[in-house]
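Chemist: The opening position of the sequence shown corresponds to residue 1 in the UniProt record's numbering, with each subsequent residue numbered one higher. Beta carbons: idealized from backbone N, C-alpha and C, even for Gly. It should be emphasised that the depicted structure is a prediction, and the values quoted were computed from it without experimental measurement. One structure follows; several queries about it will come next.
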Amino acid sequence: MNPVRTSILAAAGNDAVRRLVATAPVTRDVVRRFVAGETTADAIDTAGRLIGDGLRVTLDHLGEDTTDRATADLAVRAYLELLDQLHDLGLAADAEVSVKLSAVGLRSGETLALDNASRVCAAAEQAGTAVTVDMEDHTTTDATLRVLAELRRHWPSTGAVLQAYLRRTLDDVRDLAGTRVRLCKGAYAEPPSVAHVDRHEVDLNYVRCANALLAGSGYPMFATHDPRLIEIVSERARWYGKAVDDFEFQMLHGVRPAEQRHLAAEGHVVRVYVPYGRQWYGYLTRRLAERPANVAFFLRSLVSRS
Numbered sequence: 001m002n003p004v005r006t007s008i009l010a011a012a013g014n015d016a017v018r019r020l021v022a023t024a025p026v027t028r029d030v031v032r033r034f035v036a037g038e039t040t041a042d043a044i045d046t047a048g049r050l051i052g053d054g055l056r057v058t059l060d061h062l063g064e065d066t067t068d069r070a071t072a073d074l075a076v077r078a079y080l081e082l083l084d085q086l087h088d089l090g091l092a093a094d095a096e097v098s099v100k101l102s103a104v105g106l107r108s109g110e111t112l113a114l115d116n117a118s119r120v121c122a123a124a125e126q127a128g129t130a131v132t133v134d135m136e137d138h139t140t141t142d143a144t145l146r147v148l149a150e151l152r153r154h155w156p157s158t159g160a161v162l163q164a165y166l167r168r169t170l171d172d173v174r175d176l177a178g179t180r181v182r183l184c185k186g187a188y189a190e191p192p193s194v195a196h197v198d199r200h201e202v203d204l205n206y207v208r209c210a211n212a213l214l215a216g217s218g219y220p221m222f223a224t225h226d227p228r229l230i231e232i233v234s235e236r237a238r239w240y241g242k243a244v245d246d247f248e249f250q251m252l253h254g255v256r257p258a259e260q261r262h263l264a265a266e267g268h269v270v271r272v273y274v275p276y277g278r279q280w281y282g283y284l285t286r287r288l289a290e291r292p293a294n295v296a297f298f299l300r301s302l303v304s305r306s
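Printed below as a string of structure tokens:
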């Protein structure tokens, strides 16, 4: 693994670094490049602007590794409030929500996570939209897929997320290829025993998985900012006879916004992953680790008060 990436991911668990970043005077401005804000109003405002630009959104209320029922319930309530507002403002058709099961109680058991995720799925259905269940580190993959399977009994449009850097993912893709699946590279620090560590191998596996998804009857969602992978996916989609509305590209809020609009202008469905909430630190460090060039931007902003 790239040593810069390793260092950044290590910083995600360092309380001293966390306090330094969180209290730096300009951190808020820097974070807003990647995070919509801390409140539901911030998320709705960002979603409205992106939808107005011809993009779609998936909204993630940040939080993970919840260890008590009360905190998990707060996360669910945040999603319910968000979904109510998306419906009331007429944004639900172009917006969905992404949910991390660890934020709604997975660490306390699959039953609690399923119950809480079901509350979010039911609210999304009432609002006129859907839920995608985010994938986290490899230790939660089996539990996440089990909960997802239960959710799909009642809400079959619930989206899955699979990570191309895991060695198991091609098999998972083949199992889920007839459904709604987001394919991403993966952003957690994983051991070589379960994950490809060579960048080229990750890209190769991404293309293998993309082919399997495009060959299926489901709705693939390709999460990548890599121009080469976007070109390959577009070419493979044409080869499989897919129309532009048979799949979509997904990109992170604040990353390559011009390309997001360019792809949308070409007729592609483009969805922007918009995180919001107070627990932004872990998310930010993973974004920096995915693309270490972002580190220079972040550090320049921290030392500059202009």
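(1) Within 10 angstroms of its Cβ, does GLU235 collect 16 or more other Cβ (buried), or is it exposed?
(2) Answer with buried or exposed for HIS61, where buried requires no fewer than 16 other C-beta atoms within 10 angstroms of its C-beta.
(3) Can you tell me the Cα-Cα spacing of ASP137 and TYR188, whole angstroms?
(4) Runs of 4 residues minimum, wholly inside the stretch 188-238: which ones carry the alpha helix (DSSP H) assignment?
(5) So, is LEU114 buried or exposed, given that buried needs 16 or more other C-beta atoms within 10 angstroms?
(6) Helix, strand or coil: which one does DSSP assign to LEU302?
(7) Identify every residue that forms a DSSP beta bridge with PHE249.
(8) Which residues in the same chain have their Cβ closer than 6 Å to the Cβ of ALA223, if we skip the five residues on either side of it in sequence?
(9) Would you mind stating whether TYR79 and ALA123 have Cβ atoms separated by less than 8 Å?
(10) Counting pairs of beta carbons, one from the stretch 215-232 and one from the stretch 164-180, are three or more of them closer than 8 Å?
(11) Note down the Cα distance separating ASP198 from ASN205, rounded to an integer number of angstroms.
(12) With distances taken from CA atoms, which of THR71, LEU151, VAL104, ALA130 is nearest VAL57?
(13) Could you check which residue in ARG107, GLU38, ASP94 has the C-alpha nearest to that of GLU64?
(14) Please classify GLU96 as buried or exposed, where buried requires at least 16 other C-beta atoms within 10 Å of its C-beta.
(15) Taking ALA117 and VAL147 to be in contact with their CB atoms under 8 Å, please state how far apart those CB atoms are, rounded to whole angstroms.
(16) Taking the C-alpha atoms as reference points, what is the distance between SER304 and GLU125?
(17) Pull up the distance between the alpha-carbon of MET246 and that of THR132, whole angstroms please.
(18) Per DSSP, what kind of secondary structure is ARG49 in: helix, strand or coil?
(19) Can you tell which of ARG271, TYR276, ARG278, PRO275 has its C-alpha closest to the C-alpha of LEU55?
(20) Could you check where the alpha helix (DSSP H) with THR141 kicks off and where it finishes?
(21) On the criterion of 16 or more Cβ atoms from any shown chain inside 10 Å, does ASP226 qualify as buried, or is it exposed?
(22) Report the residue from LYS242, ASP175, ALA215, MET135 whose alpha carbon sits nearest the alpha carbon of SER98.
(23) When you compare each of LEU74, ASP68, ASP84, PRO192 to ARG278 by their alpha carbons, which one comes out closest?
(24) Would you mind working out which of ARG119, SER157, TYR165 sits nearest ILE141, comparing C-alpha positions?
(25) Under the rule that 16 or more other beta-carbon atoms within 10 Å means buried, what is HIS196, buried or exposed?
(26) When DSSP labels each residue in this structure, what does TYR276 get in the three-state scheme?
(27) In this structure, how does DSSP classify LEU162 when only helix, strand and coil are distinguished?
(28) Keeping to the same chain, check which residues put their C-beta closer than 7 Å to that of LEU91; ignore five residues upstream and five downstream.
(29) Should ALA243 be labelled buried (16 or more other beta-carbon atoms within 10 Å of its own) or exposed?
(30) Excluding the five sequence neighbours on either side, which residues of its own chain have a C-beta within less than 6 Å of the C-beta of THR67, listed in chain order?
(31) Counting only the same chain and skipping the five closest in sequence on each side, list residues whose C-beta sits under 8 Å from that of VAL194.
(32) Please classify THR40 as buried or exposed, where buried requires at least 16 neighbouring CB atoms within 10 angstroms.
Modeler: On the basis of the data shown:
(1) The residue given as residue 235 occupies position 235 in the sequence shown. Its Cβ having fewer than 16 others within 10 Å, GLU235 is exposed.
(2) The residue labelled residue 61 in the question sits at position 61 within the sequence shown. Flag for HIS61 reads buried.
(3) As a position in the sequence shown, residue 137 is number 137, starting the count at 1. As a position in the sequence shown, residue 188 is number 188, starting the count at 1. Roughly 6 Å separates the two Cα atoms.
(4) 199-215
(5) Position 114 of the sequence shown, counted from the start, is the residue given in the question as residue 114. By the 10 Å Cβ count, LEU114 comes out buried.
(6) Along the sequence shown, one-based indexing puts residue 302 at 302. Model confidence at LEU302 stands at a pLDDT of 48, short of 50, so the residue's coordinates are unreliable and nothing is read from them.
(7) The residue labelled residue 249 in the question sits at position 249 within the sequence shown. PHE249 pairs with PHE222, VAL270.
(8) For the purposes of this step, residue 223 is identified with residue 223 of the sequence shown, where counting begins at 1. Here the set comprises ARG182, CYS184, GLN250.
(9) Mapped onto the sequence shown, residue 79 falls at position 79. Mapped onto the sequence shown, residue 123 falls at position 123. Yes, these two residues count as a Cβ contact at 8 Å.
(10) yes
(11) Looking up residue 198 in the sequence shown gives position 198. Looking up residue 205 in the sequence shown gives position 205. Going from the Cα of ASP198 to the Cα of ASN205 covers about 11 Å.
(12) The residue you call residue 57 lines up with position 57 of the sequence shown. Taking only the C-alpha atoms, the option nearest VAL57 is ALA130.
(13) Here residue 64 is taken as the residue at index 64 of the sequence shown, counted from 1. Per the Cα distances, ARG107.
(14) Within the sequence shown, residue 96 is the residue found at index 96, counting from 1. Buried, because 16 or more other Cβ atoms sit within 10 Å of the Cβ of GLU96.
(15) What you label residue 117 is simply residue 117 of the sequence shown in a count that begins at 1. What you label residue 147 is simply residue 147 of the sequence shown in a count that begins at 1. Indeed, because the Cβ distance is near 6 Å, the residues count as touching under 8 Å.
(16) Here the question's residue 304 lines up with position 304 in the sequence shown. Here the question's residue 125 lines up with position 125 in the sequence shown. Its pLDDT being 45, under 50, SER304 is placed unreliably by the model, and the measurement read from it follows with that caveat. Distance between the alpha carbons of SER304 and GLU125: 45 Å.
(17) Locating residue 246 in the sequence shown gives position 246, counting from the first residue. Locating residue 132 in the sequence shown gives position 132, counting from the first residue. Checking the displayed sequence, the identity of residue 246 turns out to be Asp instead of Met. Spanning the two alpha carbons is a distance of roughly 17 Å.
(18) Within the sequence shown, the letter at position 49 stands for residue 49. Looking at ARG49 - three-state DSSP - the assignment turns out to be helix.
(19) Working through the sequence shown from its first residue, we reach residue 55 at position 55. Out of ARG271, TYR276, ARG278, PRO275, ARG271 has the C-alpha closest to the C-alpha of LEU55.
(20) Along the sequence shown, one-based indexing puts residue 141 at 141. Where THR141 is concerned, the enclosing alpha helix (DSSP H) stretches over 141-154.
(21) Indexing the sequence shown from 1 puts residue 226 at position 226. It counts as exposed.
(22) Locating residue 98 in the sequence shown gives position 98, where the first residue counts as 1. When only C-alpha atoms are compared, the closest one is MET135.
(23) In the sequence shown, counting from the first residue as 1, residue 278 sits at position 278. Ranking the options by Cα distance to ARG278, first place goes to LEU74.
(24) As a working note, residue 141 is residue 141 in the sequence shown. It is worth fixing the name first, because residue 141 is Thr in this sequence and not Ile. For the residues ARG119, SER157, TYR165, the minimum Cα distance to THR141 belongs to TYR165.
(25) The residue you call residue 196 lines up with position 196 of the sequence shown. The residue is buried, with at least 16 neighbouring Cβ atoms inside 10 Å.
(26) Numbered from 1 along the sequence shown, position 276 holds the residue referred to as residue 276. Looking at TYR276 - three-state DSSP - the assignment turns out to be strand.
(27) Along the sequence shown, read from residue 1 onward, the residue named residue 162 stands at position 162. Three-state DSSP puts LEU162 in a strand.
(28) Here the question's residue 91 lines up with position 91 in the sequence shown. Excluding sequence neighbours, LEU91 sits near ALA47, GLY48, ILE51.
(29) The residue labelled residue 243 in the question sits at position 243 within the sequence shown. With fewer than 16 other Cβ atoms within 10 Å, it is exposed.
(30) Position 67 of the sequence shown, counted from the first residue, corresponds to residue 67. Around THR67: ARG107.
(31) Mapped onto the sequence shown, residue 194 falls at position 194. Only HIS138, LEU166, ARG167, ARG168 meet the Cβ criterion.
(32) What you label residue 40 is simply residue 40 of the sequence shown in a count that begins at 1. Buried.
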